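First the structure, in the form of structure tokens, and then the observations on it.
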Amino acid sequence: MLAKGATTIKKEDTKRRILTEALRLFAQRGYDAVSVEQIANAVGIKAPSLYKHFPSKQSIFDALFERTEHDFDEFLSGISVHVGDAGGDMPVFGSMEADMLAGRFREMMCYLLHDEYVSSFRRMMTIEQFRSPRLSALYTDRYIGKLMDYHTEMFSKLAEAGVVDCGDPMAAAYMYCSPVPVLLGVCDRQPEKEAECLDILDRHVHLFVEKMKKRSAEEDKNGKVR
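Just so it is clear: in the sequence shown, position 173 is 173 by the numbering used here, and no numbers are missing.
Next up, the structure:
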């Protein structure tokens, strides 16, 4: 008989394998196309055994969503992107230093492409966005909405501080962030283009910063008060 601690470890290991195999299947076929029985078979257990760990396929999805959301937020915090606290990141972004910003964007894109859980979850959501209104809304909120809100607030604060004069903070946020989902899609379809896409992203950030800061510099030269 297994000791209580060993039983707990085995149970947690089975849960991890269920999540890993479920995500792999969801990313390949889409959420709706995968059954609980197929997940159980991939893990090497029977469906009734799977229900001891997760009461439904929805609960498996919820666990995956919670994990990837936590991991993504933790990653963003590591590169000083605290979604929901743009004001707290002002000391980092206030300089509008192109190399630094390009480096953070590059790190984010590589993370979205190569982190096993996050990349598979993103691929699954890409498939399901056209099949499920609920998952479509989740996809928009996670990969577009939150980052747009964050950067809109950031550019608004940068404008208030006199660092840039973007005119329309929301439009600036979309201009700044829009290449990321486009280039991610290219890399998903043609992985061999990753280096090229990262180079395009780098050039985009440098051009964006140049234009934003150039307008402010020109206003300084003309003696205008921002």
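Using N, Cα and C, we set each Cβ at its ideal position, and we do this for glycine too. In this text, all values refer to a predicted model and were calculated from it rather than measured experimentally.
Nearest neighbour of His-206 by Cα position, chosen from Ile-39, Glu-97, Gly-87, Asp-32, turns out to be Glu-97. The beta carbon of Asp-89 lies closer than 6 Å to those of Ser-80, His-82 in the same chain, with the five residues before and after it left out. Counting only the Cα atoms, Ala-40 lies some 19 Å from Phe-121.
In the DSSP assignment, Ala-172 falls within the alpha helix (DSSP H) that extends over 169–177.
Given a length threshold of 3 residues, the stretch 119–176 has no whole run of the beta strand (DSSP E) inside it. In the three-state scheme derived from DSSP, where H, G and I count as helix and E and B as strand, Asp-99 is classed as helix.
With 16 or more neighbouring CB atoms inside 10 Å of its own CB, Glu-21 falls in the buried class.
In the DSSP annotation of this structure, His-82 is not part of any alpha helix (DSSP H), being labelled neither H nor E. Here Tyr-117 carries a helix assignment [DSSP, helix/strand/coil]. Inter-residue distance for Pro-91 and Val-164 is about 15 Å (C-alpha atoms, whole angstroms).
Per the Cβ contact rule, the stretch 123–135 is in contact with the stretch 19–37 (3 or more Cβ pairs under 8 Å). Under a 10 Å Cβ-count criterion, Phe-72 is classified as buried, with 16 or more other Cβ atoms of the shown protein chains found around its own Cβ.
When the Cα atoms are used, Ala-173 and Tyr-150 turn out to be separated by approximately 8 Å. Cβ neighbours of Leu-198 within its own chain (closer than 7 Å, five residues either side excluded): Arg-106, Met-109.
At least 7 Å separates the beta-carbon of Leu-113 from that of Cys-177. A distance below 8 Å between beta-carbons, with the five flanking residues on each side excluded, links Leu-50 to the following residues of its chain, in chain order: Ile-18, Val-36, Ile-39, Ala-40, Val-43.
Here Val-182 carries a helix assignment [DSSP, helix/strand/coil].
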